[in-house]
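In full-length UniProt numbering, the protein residues as written are 4 to 214.
These notes concern the structure reproduced below.
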Amino acid sequence: EEVIKEAQEAIANCDEDKAVAVARQAIDAGLDLVGVLNEGFSAGIRKVGDMFGRGEIFLPELILSAEVMKKVTGVLEEAIAGGAAQDKKATILIATVEGDVHDIGKGIVISLLKTQGFEVIDLGRDVPVDRIIEEAIKVDADIIGTSALLTTTLAEQKKLEDELRARGLRERFKTIVGGAPCTQRWADKIGADAYGEDASDAVKKCLELIQ
Ligand code: B1M
4 EEVIKEAQEA IANCDEDKAV AVARQAIDAG LDLVGVLNEG FSAGIRKVGD
54 MFGRGEIFLP ELILSAEVMK KVTGVLEEAI AGGAAQDKKA TILIATVEGD
104 VHDIGKGIVI SLLKTQGFEV IDLGRDVPVD RIIEEAIKVD ADIIGTSALL
154 TTTLAEQKKL EDELRARGLR ERFKTIVGGA PCTQRWADKI GADAYGEDAS
204 DAVKKCLELI Q
């Protein structure tokens, strides 16, 4: 409980040393690192986002908190990935959609997928639909996953579904969508195969998709 509170505060205060110390403490104590990420650090960055949305803080502060968040997820992801499974279950290609640079959540989803034996091809952020499809064909992906954090870039997830259908490729890949403004309703509406609410849910859904 104390760790969760300290994690949230470290992000809100843009305190990198404190954040990294809390992360290391969680690793050493053998705590559930995904839980610490979700309830601690991620909750902290969302709070900062809410303050930004209300105009209580400005972009430079949001950027600083995001940098601390990146650093700390890097530390935790390394520890989580240490338990990566060896057996390859399936290949998933993942990207943040065009026009969108938010990639912290995508990073967490990726490290958790790796622990479950998925081979993950990460195309990064701000990736156009054409490139996503090209690469998916090239690596013979089983699943294509897209992350969108802006209400304006959600449309790219629909564009992907439409393009796959238009090119006669829709049956070749399974698709999963995620990101803060994304919902099951949206996934159903655009015809995606699955929606991941958070990293654990994303892994669960991907495992179902390859059944
Ligand atoms: Co921006 N941003 N941001 N931002 N940012 C939001 C999204 C916002 C809600 C903040 C706010 O105003 N309250 C708002 C969007 C409003 C809207 O669209 N309605 C916003 C805005 C406006 C902007 C800019 C336009 C600001 C500006 O420039 N004026 C700008 C846009 C840049 C762009 O993309 N073109 C911008 C920039 C940035 C930073 C660069 C400063 C930074 C991103 C740094 C980075 O990612 N490298 C940033 C941040 C940090 C945020 C908030 C505060 C936090 C996002 C985050 O990392 N959350 C965010 C507020 C919020 O989300 N409430 C906000 C933590 C992360 C663990 O959660 O990403 O949701 P999340 O991922 C979760 C799940 O969603 C899910 O699992 C993850 C793990 O649990 N998931 C998936 C995610 N992807 C998945 C994929 C899957 C499955 C599950 O399958 C493939």
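We treat Cβ as the ideally placed atom computed from N, Cα and C, and that holds for glycine.
Every value quoted in this text rests on a predicted model; they were computed, and no experiment measured them.
Residues near residue i in its chain [Cβ-Cβ closer than 8 Å; skip 5 each side]
i, result
"valine 23", "Lys74, Val75 and Val78"
"isoleucine 48", "Ile14, Ser68, Ala69, Met72 and Ile107"
"isoleucine 213", "Lys92, Ala93, Asp145, Ile146 and Lys177"
"leucine 62", "Phe55"
"glutamate 159", "Val100, Glu101, Gly102, Asp103, Val132, Thr149 and Ala151"
"leucine 65", "Val51, Gly52 and Phe55"
"glutamate 60", "Here residue 60 is isoleucine; the residue named in the question, glutamate, does not match the sequence. Contacts found: Val51 and Met54."
"valine 130", "Ala98, Thr99, Val100 and Glu101"
"glycine 127", "Ala98, Thr99 and Asp106"
"valine 142", "Thr94, Leu96 and Ile124"
Residue interval of the alpha helix (DSSP H) (run including residue i)
i, result
"lysine 21", "19–31"
"lysine 91", "Lysine 91 -> no alpha helix (DSSP H), and no H or E assigned at all."
"glycine 77", "62–84"
"glutamine 187", "187–193"
"phenylalanine 55", "46–56"
"aspartate 165", "158–169"
"isoleucine 7", "5–15"
Nonlocal neighbours in the same chain, by C-beta distance under 6 Å from residue i, ignoring five residues either side
i, result
"valine 112", "Ala202 and Ala205"
"phenylalanine 156", "According to the sequence as given, residue 156 is threonine; it is not phenylalanine. So the list reads Val100, Gly102 and Asp103, once near-sequence residues are dropped."
Paired residues, beta bridge with residue i - DSSP
i, result
"valine 100", "Val130"
"phenylalanine 121", "Ala93"
"valine 180", "Thr149 and Tyr198"
7 Å CB neighbourhood of residue i in its chain, flanking five on each side removed
i, result
"lysine 162", "Val132"
"glycine 43", "Val6, Ile7, Ala10 and Gln11"
"valine 25", "Val6, Glu9, Ala10 and Ala13"
"alanine 190", "Val180, Ala197 and Tyr198"
"alanine 20", "Residue identity differs from the one stated: residue 20 is aspartate in this sequence, not alanine. Nothing listed; no residue qualifies."
"cysteine 209", "Ile95, Leu116, Phe121, Ile146 and Ile179"
"arginine 173", "Leu167"
"alanine 46", "Gln11"
Contact with chain C by residue i, beta-carbon distance below 8 Å
i, result
"serine 68", "Looking for chain C here will not work: only one protein chain is present."
Three-pair Cβ contact test at 8 Å for the stretch 120–137 versus the stretch 177–187: no
Segment contact, 8 Å Cβ cut-off, at least three pairs: the stretch 114–128 with the stretch 89–103: yes
How about the stretch 32–42 and the stretch 93–103: do they share at least three Cβ pairs that are nearer than 8 Å? no
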